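Below: the structure, in structure tokens.
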Amino acid sequence: GENVEQHPSTLSVQEGDSAVIKCTYSDSASNYFPWYKQELGKRPQLIIDIRSNVGEKKDQRIAVTLNKTAKHFSLHITETQPEDSAVYFCAANQYGGATNKLIFGTGTLLAVQP
Amino acid sequence: KAGVTQTPRYLIKTRGQQVTLSCSPISGHRSVSWYQQTPGQGLQFLFEYFSETQRNKGNFPGRFSGRQFSNSRSEMNVSTLELGDSALYLCASSFSGGTTDTQYFGPGTRLTVL
Numbered sequence: 002g003e004n005v006e007q008h009p010s011t012l013s014v015q016e017g018d019s020a021v022i023k024c025t026y027s028d029s030a031s032n033y034f035p036w037y038k039q040e041l042g043k044r045p046q047l048i049i050d051i052r053s054n055v056g057e058k059k060d061q062r063i064a065v066t067l068n069k070t071a072k073h074f075s076l077h078i079t080e081t082q083p084e085d086s087a088v089y090f091c092a093a094n095q096y097g098g099a100t101n102k103l104i105f106g107t108g109t110l111l112a113v114q115p
Numbered sequence: 125k126a127g128v129t130q131t132p133r134y135l136i137k138t139r140g141q142q143v144t145l146s147c148s149p150i151s152g153h154r155s156v157s158w159y160q161q162t163p164g165q166g167l168q169f170l171f172e173y174f175s176e177t178q179r180n181k182g183n184f185p186g187r188f189s190g191r192q193f194s195n196s197r198s199e200m201n202v203s204t205l206e207l208g209d210s211a212l213y214l215c216a217s218s219f220s221g222g223t224t225d226t227q228y229f230g231p232g233t234r235l236t237v238l
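Here the protein sequences line up with chains A and B, keeping their order. Position one of the first sequence corresponds to residue 2 (our numbering), numbered consecutively onward. Position one of the second sequence corresponds to residue 125 (our numbering), numbered consecutively onward.
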């Protein structure tokens with residue numbers, strides 16, 4: 002079945018440094034790749050998403066890149082701040098038919114040290 | 125617009141009981157998906173409803189069921205609860221339920237089975 006692998010599982014950076022989280026997916030038909038941030042005890046919140054008609058998307062300090070040939074996509078956070086500390090999940094849609102199913106990666110715990 | 129809401133926020137049940145969880149999507153959204161979140165398995169897709177019809181179902185036993193009402197509100201039911209059903213149950217709504225639609229999550233219902 003579809004699978005999304007996410008690395009690393011934990012990431013510790015110093016405030017101001019950059020953080021990169023990488024995901025690979027197995028379903029070559031997937032065409033939607035959202036990233037969610039989940040703080041402790043809170044709901045997952047969408048921070049950025051990319052659709053397969055673009056290779057890169059940026060929103061202030063956050064960017065996502067997509068390589069459809071290699072079937073991987075990455076989240077880049079620049080100038081990290083302590084409030085960026087959270088668990089980040091990547092996901093890919095299951096394409097085909099009338100469905101809105103997301104397959105999630107296992108999450109990355111990002112700790113930004115002040 | 126109000127966000128996705130879920131009730132109750134916390135539930136404690138014993139093995140063998142059944143439970144019903146409720147999800148109210150963002151106004152105007154017609155698709156509701158349910159996910160189970162556990163530390164060991166991460167975020168796993170349960171099922172998706174669109175216009176009162178189940179469009180997709182994940183790999184969960186038949187004890188897990190759901191429905192959607194004409195106002196797009198959704199309920200999920202778990203019968204004959206097992207210890208392993210302890211989890212955070214999240215619902216997510218999207219506007220049209222298209223495969224690249226953004227999904228917005230509710231705060232979740234924390235279910236503990238004793």
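By construction, the Cβ of each residue, glycine as well, lies at the ideal position given by its N, Cα and C atoms. What you are looking at is a predicted structure, and each value in this text was computed from that prediction instead of being measured.
Using the C-alpha atoms, what's the distance from residue j back to residue i?
{"i": "A:Ala-20", "j": "A:Trp-36", "result": "14 angstroms"}
{"i": "A:Tyr-33", "j": "A:Val-65", "result": "12 angstroms"}
{"i": "A:Val-113", "j": "B:Gly-140", "result": "43 angstroms"}
{"i": "A:Glu-80", "j": "A:Asp-50", "result": "20 angstroms"}
{"i": "B:Thr-223", "j": "B:Glu-176", "result": "18 angstroms"}
{"i": "A:Asn-101", "j": "B:Trp-158", "result": "11 angstroms"}
{"i": "A:Asn-68", "j": "A:Glu-57", "result": "9 angstroms"}
{"i": "B:Glu-199", "j": "A:Ser-29", "result": "33 angstroms"}
{"i": "A:Ser-53", "j": "A:Asn-94", "result": "11 angstroms"}
{"i": "B:Phe-219", "j": "A:Leu-47", "result": "15 angstroms"}
{"i": "B:Lys-137", "j": "B:Leu-205", "result": "8 angstroms"}
{"i": "B:Thr-144", "j": "A:Cys-91", "result": "29 angstroms"}
Check the Cβ of residue i against every Cβ in chain A and list those closer than 7 angstroms, keeping chain order.
{"i": "B:Glu-172", "result": "Thr-100, Asn-101 and Lys-102"}
{"i": "B:Leu-167", "result": "Phe-90 and Phe-105"}
Let me check understanding here. Comparing Cα to Cα, which of the options lies closest to residue i?
{"i": "B:Ser-148", "options": "B:Leu-214, B:Ser-210, B:Gly-164 and B:Val-128", "result": "B:Val-128"}
{"i": "B:Ser-189", "options": "B:Ser-196, B:Leu-170, B:Glu-206 and B:Phe-174", "result": "B:Leu-170"}
{"i": "A:Lys-59", "options": "A:Ala-87, A:Ser-75, A:Thr-70 and A:Ala-71", "result": "A:Ser-75"}
{"i": "B:Leu-238", "options": "B:Gln-130, B:Leu-135, B:Lys-125 and B:Ala-126", "result": "B:Leu-135"}
{"i": "B:Gln-142", "options": "B:Ser-210, B:Thr-226, B:Lys-125 and B:Gly-230", "result": "B:Ser-210"}
DSSP beta-bridge partners for residue i?
{"i": "B:Gly-190", "result": "B:Met-200"}
{"i": "A:Ser-13", "result": "A:Ala-112"}
{"i": "B:Lys-181", "result": "B:Phe-171"}
{"i": "B:Gln-161", "result": "B:Leu-167 and B:Leu-212"}
{"i": "A:Ala-20", "result": "A:Ile-78"}
{"i": "A:Phe-34", "result": "A:Ile-51"}
{"i": "B:Gln-227", "result": "B:Gln-227 pairs with nothing; no bridge assigned."}
{"i": "B:Ser-217", "result": "B:Val-156 and B:Tyr-228"}
{"i": "B:Leu-235", "result": "B:Leu-135 and B:Ala-211"}
Using the beta-carbon of each residue, which ones in chain B are nearer than 8 angstroms to residue i?
{"i": "A:Asn-94", "result": "Thr-223 and Thr-224"}
{"i": "A:Arg-52", "result": "Thr-224"}
{"i": "A:Asn-4", "result": "Going along chain B, no residue has its Cβ under 8 angstroms from A:Asn-4, so there is no contact; the nearest lies around 12 angstroms."}
Output, in chain order, the set of chain B residues within a Cβ distance shorter than 9 angstroms of residue i.
{"i": "A:Leu-47", "result": "Thr-226, Gln-227, Tyr-228 and Phe-229"}
{"i": "A:Gly-108", "result": "Gly-166 and Leu-167"}
{"i": "A:Tyr-26", "result": "Neighbours of A:Tyr-26 on chain B: none; closest Cβ ~14 angstroms, over 9 angstroms."}
For residue i, go through chain A and note every residue whose CB falls closer than 8 angstroms to its CB, in chain order.
{"i": "B:Ser-157", "result": "Asn-101, Lys-102 and Leu-103"}
{"i": "B:Ser-218", "result": "Asn-101"}
{"i": "B:Gly-232", "result": "Arg-44"}
What does residue i reach in chain A if we use C-beta pairs closer than 9 angstroms?
{"i": "B:Leu-135", "result": "None at all; the shortest Cβ gap to chain A is about 16 angstroms."}
{"i": "B:Leu-96", "result": "Because chain B here runs from 125 to 238, residue 96 of chain B falls outside it and cannot be looked at."}
**OP:** Output the residue ranges of the beta strand (DSSP E) runs that lie fully inside the stretch 44-101 of chain A and measure 3 residues or longer, sorted by chain position.
**Re:** Restricting attention to beta strand (DSSP E) runs no shorter than 3 residues, the stretch 44-101 of chain A encloses them at 46-52, 57-60, 63-68, 73-78 and 87-94, ordered along the chain.
Subject >> Runs of beta strand (DSSP E) wholly within the stretch 134-158 of chain B (minimum 3 residues, chain order) >> reply: Runs of the beta strand (DSSP E) inside the stretch 134-158 of chain B: 134-137 and 143-148.
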